[in-house]
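Written out below as structure tokens is the structure these notes cover.
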Amino acid sequence: MAIRKSEDDILDAARACVESFGVRRTTLTDVARRAGVSRPTVYRYWPDISSLVGDLMTRELKAVFAASVAEATETEARPRIVHGCTGTVRAVWHHSMFRRFLDSEAELLATYVFQRLGSSQHAALDLLHAQLAEGQRDGSVRPGEPAELARIVLLTAQSIGVSRRLVDDTLSEEALLDSLARLLDGYLRPDTAPSPDTAPSPDATASPDATASPDVTAQEETPAPEGDAA
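Residues 3 to 232 (our numbering) make up the sequence shown, in order.
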């Protein structure tokens, strides 16, 4: 328990340093001083600032995931997934540390956007996989391999999450989140029968004989006039 508390204290101190100075200007010495521990204590858990910040990001994202999942209380899985994803994106936008990353140090996120998935993303995929499988059982999520569906859901939410500044002049925050919800809901919704507006009309499927005008009658064959015998 004491070890866990010590780690959390150091991570709390690291977050405070990152929010105050940015990652590039934060050192393990700064973190140790703010946490009230020695530098060797910090080095016992993390060899460098990059590994410390990586674990900090994982902790904060997992906390965001947990809060968003707790807020999504819909009965069916699909709306819960959509609610959880939009809630996570909104929370990241308003999280003081992640907001600093997005505004001033976006390169810190580049590895996890373009090259590989981090541990927090894998945790999100595990959660999505379970929710999608549940949705397929309750009929609210379309058929498909849950691992594949989870990857697309994650990448869609992540893309919207890191692109907020690109639509500031066009969409409000709520409008962008609504668009994300529509994208995810449409992607996961099972195929349904055509709506009345798109169903073919009875006239379009009727046979030619059935649609012929009742005023049109077959003409009787008229015998050819008798010609002169040869």
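Even glycine gets a Cβ: it sits at the ideal position worked out from N, Cα and C.
Where residue i sits in the DSSP three-state scheme
{"i": "Leu182", "result": "helix"}
{"i": "Ala16", "result": "helix"}
{"i": "Glu78", "result": "coil"}
{"i": "Pro192", "result": "coil"}
{"i": "Asp171", "result": "coil"}
{"i": "Pro49", "result": "coil"}
{"i": "Gly38", "result": "coil"}
{"i": "Val33", "result": "helix"}
{"i": "Thr43", "result": "helix"}
{"i": "Arg26", "result": "coil"}
{"i": "Ser70", "result": "helix"}
{"i": "Ser165", "result": "coil"}
{"i": "Met59", "result": "helix"}
Residue from the options whose Cα sits closest to the Cα of residue i
{"i": "Arg191", "options": "Leu63, Ser53, Gly141, His97", "result": "Gly141"}
{"i": "Ser70", "options": "Ser52, Arg92, Asp57", "result": "Arg92"}
{"i": "Ala135", "options": "Gln123, Ile162, Glu150", "result": "Glu150"}
{"i": "Asp11", "options": "Pro49, Arg35, Ala72", "result": "Arg35"}
{"i": "Arg144", "options": "Leu58, Arg80, Ala18", "result": "Arg80"}
{"i": "Ser122", "options": "Glu62, Glu9, Gln138", "result": "Glu62"}
{"i": "His131", "options": "Leu156, Gly163, Leu111", "result": "Leu156"}
{"i": "Thr31", "options": "Val94, Asp14, Ile51", "result": "Ile51"}
{"i": "Thr43", "options": "Val25, Arg101, Ser165, Glu9", "result": "Glu9"}
{"i": "Ile162", "options": "Ala152, Thr88, Ala16", "result": "Thr88"}
{"i": "Asp124", "options": "Phe100, Ala108, Lys64", "result": "The displayed chain sequence assigns His, not Asp, to residue 124. Comparing Cα positions, the closest option is Lys64."}
{"i": "Val55", "options": "Thr90, Ile83, Met99", "result": "Met99"}
{"i": "Ala159", "options": "Ala108, Thr75, Leu179", "result": "Leu179"}
{"i": "Asp14", "options": "Asp57, Arg153, Thr172, Leu185", "result": "Asp57"}
{"i": "Trp95", "options": "Gly137, Glu176, Leu186, Tyr189", "result": "Glu176"}
{"i": "Thr75", "options": "Asp170, Gln133, Leu173", "result": "Gln133"}
Residue i, buried or exposed, once every other Cβ within 10 Å from all chains shown has been counted against 16
{"i": "Ser209", "result": "With a pLDDT of only 48 at Ser209, under 50, the local geometry of the prediction cannot be trusted, and no value is derived from it."}
{"i": "Gly38", "result": "exposed"}
{"i": "Val20", "result": "buried"}
{"i": "Ser40", "result": "exposed"}
{"i": "Thr77", "result": "exposed"}
{"i": "Gln117", "result": "exposed"}
{"i": "Phe23", "result": "exposed"}
{"i": "Leu168", "result": "exposed"}
{"i": "Ala126", "result": "buried"}
{"i": "Thr194", "result": "exposed"}
{"i": "Ala152", "result": "buried"}
Only counting runs of 4 or more residues, tell me where the alpha helix (DSSP H) segments fall wholly within the region 83-162, in order along the chain.
The DSSP assignment places complete alpha helix (DSSP H) segments of no fewer than 4 residues inside the region 83-162 at 98-106, 109-112, 121-140, in order along the chain.
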